[in-house]
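Structure, as structure tokens:
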Amino acid sequence: MKQWIKAASLGLVILSSSMYANAAEAAQKIGYVSTGQAMSELATRYKVQEKLQKEFSGRVAALRSIEGKMKTKIEKMKRDGELMTPQQRTDIQRQLAALDSDYKLKAKALSEDQRRRGMEEEQKLVKKIRTAINTVAKKNGYNVVLDAQAVLFANKSDDLSSKVIAAVK
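In case it helps, mature numbering (1 follows the signal peptide of the UniProt record, and there is no 0) puts the sequence shown at residues -23 to -1, 1 to 146.
What follows is the structure, encoded as structure tokens:
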């Protein structure tokens, strides 16, 4: 019976010490970052939108040129359509069909390239933000950093957003 009491006592000691260890672990420092705000501010800082517009401006101008040619041909059809021979009308319709096909092909390619490049630039910013979050968290002794959207309530002093934005190089 004494051995059973000793075993039970030892079990209680181990259980209580593990409870204290869990309580110590629960005292971790947790912060949060508004990644959406950080992405927005950094995109503005690095002028990502302007950079992408400049990169694709030539292709956008080419599409506008095709639009202009199509409008000119459509106006010519409306204005002179009744005076044209059937062959002239057919020629203009074929030219319009070719321009429309070319326009759609180039517009689709441009859209895909813009989306791809936008994602590349976004990934660069995400990488910079993650590096800054790691740096700020280690510097300030945070064990866990969450996205602000996942936090229901937190103290403003645990908001690391401005520190992270400032830390991005």
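Quick reminder that beta carbons are idealized off the backbone N, C-alpha and C, glycines included.
- In this model, ASP136 and GLN30 are separated by some 33 Å (Cα to Cα).
- Under the DSSP assignment, LEU76 falls in the alpha helix (DSSP H) whose first and last residues are 63 to 117.
- Cα atoms of LEU123 and VAL103: separation of roughly 14 Å, rounded to the nearest angstrom.
- The way I'd put it, the region 88 to 104 doesn't touch the region 126 to 144; fewer than three beta-carbon pairs between them come closer than 8 Å.
- Partner residues in the beta bridge of ASP124, as assigned by DSSP, are VAL10.
- For ILE43, the closest C-alpha among the options ASN120, GLU89, GLN100 and LEU76 is that of LEU76.
- When VAL113, VAL37 and MET16 are compared, the shortest CA-CA separation from ASP90 is found for VAL37.
- LYS133: not part of any alpha helix (DSSP H); DSSP gives it neither H nor E.
- If you compare the alpha carbons of THR12, LYS115 and VAL145 with that of LYS6, the shortest gap goes to LYS115.
- The DSSP-derived three-state label of GLN5 is coil.
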